[in-house]
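Student:
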Amino acid sequence: MEKITILCVDDQAEVLDSVVRDLRPLQAFFRVEEAGSADEAKKILDEICRNGDYIGLVISDHVMPGETGVELLGAIFRDDRFADTKKILLTGQANHADTIRAINEARVDNYFEKPWKPEDLVATAKKLLTQFILKKGIEYKDYMPILDQAALLENLRGA
Amino acid sequence: MTKVKALKGLIALALAVGCLFLPYESFGVVLNAVEIRVIAIFVLAALFWILEPFPIWTTSMFVIVLMLLTVSDKGLMFSFGGDTLFSMQTDPATGEKFSNLVSSKGLMATFADPIIMLFLGGFFLAAAATKYKLDMNLARFLLKPFGTNPKFVLLGLMTITAVFSMFMSNTATAAMMLAILAPVLSMFDESDKGRAAFALAIPIAANVGGMGTPIGTPPNAIALKALADMDASVSFGTWMLFGVPYVVILILLSWLLLLWLFPISKPKMELNVGGEFLKTPKAIIVYVTFTVTVLLWVLGKDIVGIDSNIVAMIPMAVFALSQVITKKDLNGMSWDVLWLVAGGFALGVGLQKTGLAEHLIGAIPFASWPAFGLMVGAGVICLFMANFMSHTATAALLVPIIAAVGGSLGGSLDGLGGVTALLVSVAFASSLGMSLPISTPPNALAHATGLVDTKGMAKTGVAIGIIGMVLTYVMMIVLAHLGVFTPAKTTDAASVSAQGTTIVAPVATTAAPVAK
Numbered sequence: 150m151e152k153i154t155i156l157c158v159d160d161q162a163e164v165l166d167s168v169v170r171d172l173r174p175l176q177a178f179f180r181v182e183e184a185g186s187a188d189e190a191k192k193i194l195d196e197i198c199r200n201g202d203y204i205g206l207v208i209s210d211h212v213m214p215g216e217t218g219v220e221l222l223g224a225i226f227r228d229d230r231f232a233d234t235k236k237i238l239l240t241g242q243a244n245h246a247d248t249i250r251a252i253n254e255a256r257v258d259n260y261f262e263k264p265w266k267p268e269d270l271v272a273t274a275k276k277l278l279t280q281f282i283l284k285k286g287i288e289y290k291d292y293m294p295i296l297d298q299a300a301l302l303e304n305l306r307g308a
Numbered sequence: 031m032t033k034v035k036a037l038k039g040l041i042a043l044a045l046a047v048g049c050l051f052l053p054y055e056s057f058g059v060v061l062n063a064v065e066i067r068v069i070a071i072f073v074l075a076a077l078f079w080i081l082e083p084f085p086i087w088t089t090s091m092f093v094i095v096l097m098l099l100t101v102s103d104k105g106l107m108f109s110f111g112g113d114t115l116f117s118m119q120t121d122p123a124t125g126e127k128f129s130n131l132v133s134s135k136g137l138m139a140t141f142a143d144p145i146i147m148l149f150l151g152g153f154f155l156a157a158a159a160t161k162y163k164l165d166m167n168l169a170r171f172l173l174k175p176f177g178t179n180p181k182f183v184l185l186g187l188m189t190i191t192a193v194f195s196m197f198m199s200n201t202a203t204a205a206m207m208l209a210i211l212a213p214v215l216s217m218f219d220e221s222d223k224g225r226a227a228f229a230l231a232i233p234i235a236a237n238v239g240g241m242g243t244p245i246g247t248p249p250n251a252i253a254l255k256a257l258a259d260m261d262a263s264v265s266f267g268t269w270m271l272f273g274v275p276y277v278v279i280l281i282l283l284s285w286l287l288l289l290w291l292f293p294i295s296k297p298k299m300e301l302n303v304g305g306e307f308l309k310t311p312k313a314i315i316v317y318v319t320f321t322v323t324v325l326l327w328v329l330g331k332d333i334v335g336i337d338s339n340i341v342a343m344i345p346m347a348v349f350a351l352s353q354v355i356t357k358k359d360l361n362g363m364s365w366d367v368l369w370l371v372a373g374g375f376a377l378g379v380g381l382q383k384t385g386l387a388e389h390l391i392g393a394i395p396f397a398s399w400p401a402f403g404l405m406v407g408a409g410v411i412c413l414f415m416a417n418f419m420s421h422t423a424t425a426a427l428l429v430p431i432i433a434a435v436g437g438s439l440g441g442s443l444d445g446l447g448g449v450t451a452l453l454v455s456v457a458f459a460s461s462l463g464m465s466l467p468i469s470t471p472p473n474a475l476a477h478a479t480g481l482v483d484t485k486g487m488a489k490t491g492v493a494i495g496i497i498g499m500v501l502t503y504v505m506m507i508v509l510a511h512l513g514v515f516t517p518a519k520t521t522d523a524a525s526v527s528a529q530g531t532t533i534v535a536p537v538a539t540t541a542a543p544v545a546k
């Protein structure tokens, strides 16, 4: 069965570690991958796609050496392979123009400001991943314990 | 997780293949290769549905394909240069074509069966009602008279859930009602046992409500199909005539049970369902079509003269032409449920048309067994299985077998309502399995709210299962005495063995007319 991956991108190792630590409650159901730059993230995305697995969610920092987070998320948005992939921008340094671009050009699903509350990040990730699973038509029963209630009920109303 | 599923699939497959090599003669039945293949397919379907290595609808689809390849008149064969090298259609012992192959058209037609169309019509109504907020608005309107006393709000929620699940899928109804309920329940004290009462009330009412109409839940469809094949059709109106009072009584009993097990401490509560009735032309088309369709169903053939399966197709045409249902809505229908049901029908076709049913029935003297014992036994097995697997799959497996047994009983069932009562009670038993989170999707949704533990669900589920079964049998006996059911075409053992290929021999006596 295909695995669903959450990809976390940040150039600061300690921030990356804490994001991954916060996502621990989700690790029984999702694979969590880390990337230190947009470039590395793209390589990981390509590899996951080659294996036929899903990218459910990308959580990215904005200011990084090389390509920025908004640019990375924009590239993901424009890529057919990731049409349903959910995107979170997690940053403390995005200015007004960056934020506008994040919405218009990358259609981010959520914007988190550093420092973030771990429980908020997990709740948002759950909600977005629930939407992803239902959108993809993946058998949701297998993920029942981790799904977001409201998102699930909303979707099943039409069942 | 994946490995466990693969293992389950392999075990099921191995056991099914094993069935091909059992010494059936030593059990006292003589079966040909085609019949043995049907047994193996049955076993495979049963194990796949119980162990669930694959989603249940995929098993159904697989069953149909497997039957087409192995037991149909167009079964698998290879020929080279005019010589047949291998053929599923011929008996290797004699080199002749099997005489009991199933028509491939007939197998494919299970997906376009009139009862599948009846369900599809129901899906159109439900999709239109959801799209134009008829469900939410009706819920708000119907909840009002129940006031703000939590006890009566609970009853109101159960009533509405039950009524909706008579026409919508149990899962969709439960999802909608739990979504309405969730914000209110979060305001309850954590120590208030009443939270569990509310969380449980929804799946219970959704499961029970489905029993009220033929389109309420797929097990009803499977029972109806078997009855139609035995010329003992139950009309939409007749089903509701007993189904609705049954639902009313069982909902009331369940309500009392919930209040007793999980007393509510909160003195007052208010449910806020927003919105207002839409008044756009399309919304009005939905209201009118819904009302007319239900009226035609209820009045039925006896008064208006239109078959309920055909009535179901009227809203399809109206909603399609008026674009209430768009192409996207059409593609979003629960086709998986229809495939699941069709697979059940196909199992029935295989069992009957190959002659397997009559050969197996012939080996066991059911007719000498007490009819009431058989009826209760069938119900208990069904109820047990339905707690652990899909209600539809339970009915799909058991209804064809029980229909065959019922058909062989002759008149001994008549005092209990005949084969109609037998199959309706089996359909009801399939809907009463609700003691575990895995029993039904509504149960899973309620359990996932975290407001009710498995123990609480088990306690109420078992109690309602037993109460529901007792109520079913009492009702069937009452209905039999009122002469509501037309006795089915029954077969006696002699005509079966003489006939050879079909179990439903035309020796029927059609006595009491269907009550209006």
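Keeping their order, the protein sequence lines are chains A and B. Using our numbering, the first residue of the first sequence is number 150, and each one after it goes up by one. Using our numbering, the first residue of the second sequence is number 31, and each one after it goes up by one. C-beta atoms are modelled at their ideal positions from N, C-alpha and C, and glycine is treated no differently.
What are the complete alpha helix (DSSP H) segments, minimum 4 residues, inside the stretch 219-293 of chain B?
Tutor: Those alpha helix (DSSP H) runs which fall completely within the stretch 219-293 of chain B and span 4+ residues are 224-239, 248-259 and 266-291.
Student: Hey, how far is the Cα of B:Lys298 from the Cα of B:Val264?
Tutor: Here residue 298 of chain B refers to the residue found at position 268 when the second sequence is read from its first residue. Here residue 264 of chain B refers to the residue found at position 234 when the second sequence is read from its first residue. Roughly 44 Å between the two C-alpha positions.
Student: Would you say B:Thr521 reaches chain A, if we count a Cβ-Cβ gap shorter than 9 Å as a contact?
Tutor: As a position in the second sequence, residue 521 of chain B is number 491, starting the count at 1. The predicted position of B:Thr521 is uncertain, since its pLDDT is 49 and thus under 50; a value taken from the coordinates is nonetheless stated next. Not an interface residue.
Student: Which runs of the alpha helix (DSSP H) fall wholly inside the stretch 356-405 of chain B and span at least 4 residues, in chain order?
Tutor: Those alpha helix (DSSP H) runs which fall completely within the stretch 356-405 of chain B and span 4+ residues are 357-361, 365-383 and 386-393.
Student: If you reduce the DSSP assignment to three classes, tell me which class B:Ala524 lands in.
Tutor: The count along the second sequence starts at 1 and reaches residue 524 of chain B at position 494. With a pLDDT of 39 at B:Ala524, under the threshold of 50, the modelled position of this residue cannot be trusted, and the question is left open.
Student: Going by C-alpha to C-alpha distance, which of B:Lys33, B:Tyr54, B:Glu55 and B:Phe72 sits closest to B:Leu45?
Tutor: What you label residue 45 of chain B is simply residue 15 of the second sequence in a count that begins at 1. For the residues B:Lys33, B:Tyr54, B:Glu55 and B:Phe72, the minimum Cα distance to B:Leu45 belongs to B:Phe72.
Student: Could you tell me which chain A residues have their CB closer than 8 Å to the CB of B:Ala235, listed as they occur along the chain?
Tutor: On the second sequence, residue 235 of chain B is found 205 positions in, with the first residue counted as 1. Simply none; closest approach about 16 Å.
Student: Is it the case that the Cβ atoms of A:Glu254 and A:Phe226 are separated by a distance below 9 Å?
Tutor: Locating residue 254 of chain A in the first sequence gives position 105, counting from the first residue. Locating residue 226 of chain A in the first sequence gives position 77, counting from the first residue. Cβ distance < 9 Å, so A:Glu254 and A:Phe226 count as in contact.
Student: How would you list, in chain order, the residues of chain A whose beta-carbon sits under 7 Å from the beta-carbon of B:Leu208?
Tutor: The residue labelled residue 208 of chain B in the question sits at position 178 within the second sequence. Per Cβ cutoff of 7 Å: Leu302.
Student: With a floor of 4 residues, list each alpha helix (DSSP H) that falls wholly inside the stretch 116-148 of chain B, ordered by position along the chain.
Tutor: Runs of the alpha helix (DSSP H) inside the stretch 116-148 of chain B: 134-139.
Student: What number of angstroms, rounded off, separates the C-alpha of B:His389 from the C-alpha of B:Phe116?
Tutor: The residue given as residue 389 of chain B occupies position 359 in the second sequence. The residue given as residue 116 of chain B occupies position 86 in the second sequence. B:His389 and B:Phe116: Cα-Cα distance of roughly 27 Å.
Student: Would you call the CB atoms of B:Ala236 and A:Ala299 closer than 9 Å?
Tutor: Within the second sequence, numbered from 1, the residue matching residue 236 of chain B stands at position 206. Within the first sequence, numbered from 1, the residue matching residue 299 of chain A stands at position 150. No, Cβ-Cβ distance for B:Ala236 and A:Ala299 is not below 9 Å.
Student: Provide the residue(s) that pair with A:Ile193 in DSSP beta bridges, ordered along the chain.
Tutor: Within the first sequence, residue 193 of chain A is the residue found at index 44, counting from 1. Answer is none; A:Ile193 lacks a bridge partner.
Student: What is the DSSP secondary structure of A:Gly205, reduced to helix, strand or coil?
Tutor: The residue labelled residue 205 of chain A in the question sits at position 56 within the first sequence. A:Gly205: strand per DSSP, three-state reduction.
Student: Is it the case that the Cβ atoms of B:Gly273 and B:Met241 are separated by a distance below 9 Å?
Tutor: Residue 273 of chain B sits at position 243 when you count from the first residue of the second sequence. Residue 241 of chain B sits at position 211 when you count from the first residue of the second sequence. Against a cut-off of 9 Å, the Cβ pair of B:Met241 and B:Gly273 comes out as a contact.
Student: Rounded to the nearest angstrom, how far is the Cβ of B:Ile391 from that of B:Ala434, given a contact under 8 Å?
Tutor: One-based indexing of the second sequence puts residue 391 of chain B at position 361. One-based indexing of the second sequence puts residue 434 of chain B at position 404. Yes, they are in contact, since the Cβ atoms of B:Ile391 and B:Ala434 sit about 6 Å apart, within 8 Å.
Student: Alpha carbons only, please: which of B:Met270, B:Ala156, B:Gly125 and B:Val95 is nearest the one belonging to B:Asp113?
Tutor: What you label residue 113 of chain B is simply residue 83 of the second sequence in a count that begins at 1. Ranking B:Met270, B:Ala156, B:Gly125 and B:Val95 by Cα distance to B:Asp113 puts B:Gly125 first.
Student: Please list the terminal residues of the continuous beta strand (DSSP E) segment that includes A:Val158.
Tutor: Along the first sequence, one-based indexing puts residue 158 of chain A at 9. That run of the beta strand (DSSP E) goes Ile153 to Val158.
Student: Between B:Val238 and B:Ile494, is the Cβ-Cβ spacing less than 9 Å?
Tutor: Translated into positions along the second sequence, residue 238 of chain B becomes position 208. Translated into positions along the second sequence, residue 494 of chain B becomes position 464. Cβ atoms of B:Val238 and B:Ile494: closer than 9 Å.
Student: Determine, using beta carbons only, whether B:Val334 and B:Leu326 come nearer to each other than 9 Å.
Tutor: Indexing the second sequence from 1 puts residue 334 of chain B at position 304. Indexing the second sequence from 1 puts residue 326 of chain B at position 296. Yes, they are a contact pair.
Student: Can you tell me which residues form a DSSP beta bridge with A:Arg310?
Tutor: With chain A covering only 150 through 308, there is no way to say anything about residue 310 of chain A.
Student: Assuming B:Lys296 contacts B:Phe218 under a Cβ cut-off of 8 Å, what Cβ separation, rounded to an integer in Å, is found between them?
Tutor: Numbered from 1 along the second sequence, position 266 holds the residue referred to as residue 296 of chain B. Numbered from 1 along the second sequence, position 188 holds the residue referred to as residue 218 of chain B. That pair is a contact at about 6 Å.
Student: Let me make sure I understand the geometry here. Which of B:Ala226, B:Met166, B:Lys174 and B:Pro248 has the alpha-carbon closest to that of B:Asn200?
Tutor: By 1-based counting over the second sequence, the position of residue 200 of chain B is 170. Taking only the C-alpha atoms, the option nearest B:Asn200 is B:Pro248.
Student: Going by alpha carbons, who is nearest to B:Met206 out of B:Ala227, B:Ile245, B:Lys163 and B:Val379?
Tutor: Within the second sequence, the letter at position 176 stands for residue 206 of chain B. For B:Met206, the nearest C-alpha among the options comes from B:Lys163.
Student: Rounding to the nearest angstrom, what Cα-Cα distance links A:Leu249 and A:Tyr260 in this structure?
Tutor: In the first sequence, counting from the first residue as 1, residue 249 of chain A sits at position 100. In the first sequence, counting from the first residue as 1, residue 260 of chain A sits at position 111. As written in the sequence, residue 249 of chain A is Ile, which differs from the Leu given in the question. Between A:Ile249 and A:Tyr260, the C-alpha separation is close to 11 Å.
Student: Determine the chain B residues that contact A:Glu288 at a beta-carbon separation under 7 Å, and present them in chain order.
Tutor: In the first sequence, residue 288 of chain A corresponds to position 139, counting from 1. Those within 7 Å of A:Glu288 in chain B are Pro85.
Student: Quick one, which of B:Phe396, B:Ile245, B:Ala256 and B:Leu106 has its alpha-carbon nearest B:Gly151's?
Tutor: As a first step, residue 151 of chain B is located in the second sequence; it is residue number 121 there, counting from the start. It is B:Ile245.
Student: Where does B:Leu413 sit, in a helix, a strand or coil, going by DSSP?
Tutor: If you number the second sequence from 1, residue 413 of chain B lands on position 383. DSSP places B:Leu413 in helix when its eight states are reduced to three.
Student: Report yes if the C-beta distance between B:Pro311 and B:Leu155 is below 9 Å; otherwise report no.
Tutor: Here residue 311 of chain B refers to the residue found at position 281 when the second sequence is read from its first residue. Here residue 155 of chain B refers to the residue found at position 125 when the second sequence is read from its first residue. No, they are not a contact pair.
Student: Starting from the Cα of B:Phe176, find the closest Cα among B:Tyr54, B:Val93 and B:Met188 and give me that residue.
Tutor: Working through the second sequence from its first residue, we reach residue 176 of chain B at position 146. Minimum Cα distance to B:Phe176 is reached at B:Met188.
Student: List the residues of chain B that A:Gln298 touches, going by C-beta distances under 9 Å, in chain order.
Tutor: Within the first sequence, numbered from 1, the residue matching residue 298 of chain A stands at position 149. Under the 9 Å cutoff, chain B gives Leu208, Ala209, Ala212, Leu475, Ala478, Thr479 and Gly480.
Student: Using the Cα positions of A:Leu270 and B:Trp87, report the straight-line distance between them to the nearest angstrom.
Tutor: What you label residue 270 of chain A is simply residue 121 of the first sequence in a count that begins at 1. What you label residue 87 of chain B is simply residue 57 of the second sequence in a count that begins at 1. When rounded, the distance between both Cα atoms is 36 Å.
Student: Check distances from the C-beta atoms of the stretch 422-440 of chain B to those of chain A and list, in chain order, the residues that come in under 9 Å.
Tutor: Going along the stretch 422-440 of chain B in chain order, one finds no residue with a Cβ nearer than 9 Å to chain A.
Student: Who are the near neighbours of B:Ile69 in its chain, counting only those whose CB is closer than 6 Å to its CB and skipping five residues on each side?
Tutor: Your numbering for residue 69 of chain B matches position 39 in the second sequence. Excluding residues within five positions, the ones whose Cβ falls inside 6 Å are Cys49.
Student: Is A:Leu305 close to chain B, meaning its C-beta is less than 9 Å from at least one C-beta of that chain?
Tutor: Taking the first sequence and counting its residues from 1, one reaches residue 305 of chain A at position 156. Answer yes: the Cβ-Cβ gap between A:Leu305 and chain B drops below 9 Å somewhere.
Student: What did DSSP end up calling B:Thr114 once you bin it into helix, strand or coil?
Tutor: Numbered from 1 along the second sequence, position 84 holds the residue referred to as residue 114 of chain B. DSSP places B:Thr114 in strand when its eight states are reduced to three.
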